[in-house]
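Engineer: This structure is in structure tokens; I'll ask about it shortly.
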Ligand SMILES: Nc1ncnc2c1ncn2[C@@H]1O[C@H](COP(=O)(O)OP(=O)(O)O)[C@@H](O)[C@H]1O
Ligand SMILES: [Mg+2]
């Protein structure tokens, strides 16, 4: 058994005492694997990711996440802050105390990794939604992230870009040994992951291989709609 790069144990969180979102929630993602997190709207998926990066504080429980962590938002317009592609990726490195040469190298390496090196001087506003998400991912890669968390990164993309993005993240994760947790509600994206968690009533109520999870979810939805 490989050591988990993401580990939650008995995590509890609520916006108020009588409105718990996570209740003794536990999950583990082994190092180097690509896992997905599924659950209905409002089940707490975004809350869980925000707890993992430390944007929110849990009421109880333990969180262990390999550092550094990269985070990709559902809406890239909430994440990209600089006027051009190259400047945006470089901006993420300001706290790392690197030389100009090293920054240049990191930015090029990260843009190469997401196949966008040719767009380095392009203004952010001229990018498609899928390209913006890849820039956000390049930002995480440039910081040499060990863990990548993605909150419904395909939600605002057209179907073709959705498939491209998930395939590219899978390749990156495998090539670089990154551990990723990807939130989605699209069953077709399960094809690309090593495993998936189902979050319901504040807990992971099921987890497993993509094929068996897909079948279980289809059955659940069919019986719910009967
Ligand atoms: N900033 C907030 N203040 C109060 N309640 C919130 C806030 N953000 C989310 N919630 C509530 O927490 C629950 C879980 O939300 P969320 O984690 O966004 O779910 P998901 O990402 O699975 O759709 C929902 O009931 C939602 O209404
Ligand atoms: Mg959400």
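In the UniProt record's numbering, the protein residues as written are 1 to 226.
Using N, Cα and C, we set each Cβ at its ideal position, and we do this for glycine too.
Could you check the C-alpha separation between residue 70 and residue 20 for me, to the nearest Å?
Structural biologist: On the chain shown, position 70 is the one that residue 70 refers to. On the chain shown, position 20 is the one that residue 20 refers to. Whole-angstrom Cα-Cα distance: 26 angstroms.
Engineer: Less than 7 angstroms between C-beta atoms, sequence neighbours within five positions excluded: which residues of the same chain meet that for residue 152?
Structural biologist: Here residue 152 corresponds to residue number 152 of the chain shown, with the count starting at 1. Cβ within range, chain order: 74, 183 and 184.
Engineer: What residue does the beta strand (DSSP E) around residue 16 start on, and which one ends it?
Structural biologist: In the chain shown, residue 16 corresponds to position 16, counting from 1. Unbroken beta strand (DSSP E) run through residue 16: 4–16.
Engineer: Suppose only complete runs of 3+ residues qualify. What are the beta strand (DSSP E) ranges in the stretch 33–58, listed by chain order?
Structural biologist: Counting only unbroken stretches of 3 or more residues, the beta strand (DSSP E) elements lying wholly within the stretch 33–58 are 34–38, in sequence order.
Engineer: For residue 205, is the classification buried or exposed, using 16 other Cβ atoms within 10 angstroms of its Cβ as the cut-off for buried?
Structural biologist: Numbered from 1 along the chain shown, position 205 holds the residue referred to as residue 205. Exposed, by the Cβ-count rule.
Engineer: Helix, strand or coil, according to DSSP, for residue 174 in the structure here?
Structural biologist: Start at 1 with the first residue of the chain shown, and residue 174 comes out as number 174. Residue state, collapsed to three classes: helix.
Engineer: Can you tell me which of 66, 159, 217 and 200 puts its alpha carbon nearest to the alpha carbon of residue 42?
Structural biologist: One-based indexing of the chain shown puts residue 42 at position 42. Residue 200 is the option with its Cα nearest to residue 42.
Engineer: Residue 186 to residue 172, Cα distance in whole Å?
Structural biologist: Taking the first residue of the chain shown as 1, we reach residue 186 at position 186. Taking the first residue of the chain shown as 1, we reach residue 172 at position 172. Straight-line Cα distance between these residues: approximately 20 angstroms.
Engineer: Decide yes or no for the touch test of the stretch 89–104 against the stretch 132–150: beta carbon pairs closer than 8 angstroms, at least 3 of them.
Structural biologist: yes
Engineer: Should residue 47 be labelled buried (16 or more other beta-carbon atoms within 10 Å of its own) or exposed?
Structural biologist: Numbered from 1 along the chain shown, position 47 holds the residue referred to as residue 47. The residue in question, residue 47, is buried, as its Cβ has 16 or more Cβ neighbours within 10 Å.
Engineer: If you reduce the DSSP assignment to three classes, tell me which class residue 165 lands in.
Structural biologist: Position 165 of the chain shown holds residue 165. Note: residue 165 maps to helix in three-state DSSP.
Engineer: So, at 8 angstroms on beta carbons, what are the nonlocal neighbours of residue 181 in its own chain, with the 5 sequence-adjacent residues on each side left out?
Structural biologist: The residue labelled residue 181 in the question sits at position 181 within the chain shown. Excluding positions up to five away in sequence, the list reads 6, 29, 35, 36, 37, 49, 52, 147, 148, 149 and 150.
Engineer: Apart from the five residues on each side of it in sequence, which residues of its chain come closer than 6 angstroms, Cβ to Cβ, to residue 27?
Structural biologist: Counted from its first residue, the chain shown places residue 27 at position 27. Only 8, 197 and 204 meet the Cβ criterion.
Engineer: What is the DSSP secondary structure of residue 200, counted as helix, strand or coil?
Structural biologist: Counted from its first residue, the chain shown places residue 200 at position 200. Strand, per DSSP.
Engineer: Checking the sheet assignment: what are the DSSP bridge partners for residue 113?
Structural biologist: The residue you call residue 113 lines up with position 113 of the chain shown. DSSP, once it has assigned bridges, lists no residue as partnering residue 113.
Engineer: Cutting at 8 angstroms between CB atoms, please list the residues of its own chain near residue 165, excluding the five before and the five after it.
Structural biologist: Numbered from its first residue, the chain shown carries residue 165 at position 165. Within the same chain, residue 165 has close Cβ partners 130, 133, 134, 153, 154 and 157.
Engineer: Between the beta-carbon of residue 143 and the beta-carbon of residue 86, is there less than 8 angstroms?
Structural biologist: The sequence position of residue 143 within the chain shown is 143, counting from 1. The sequence position of residue 86 within the chain shown is 86, counting from 1. Cβ atoms of residue 143 and residue 86: not closer than 8 angstroms.
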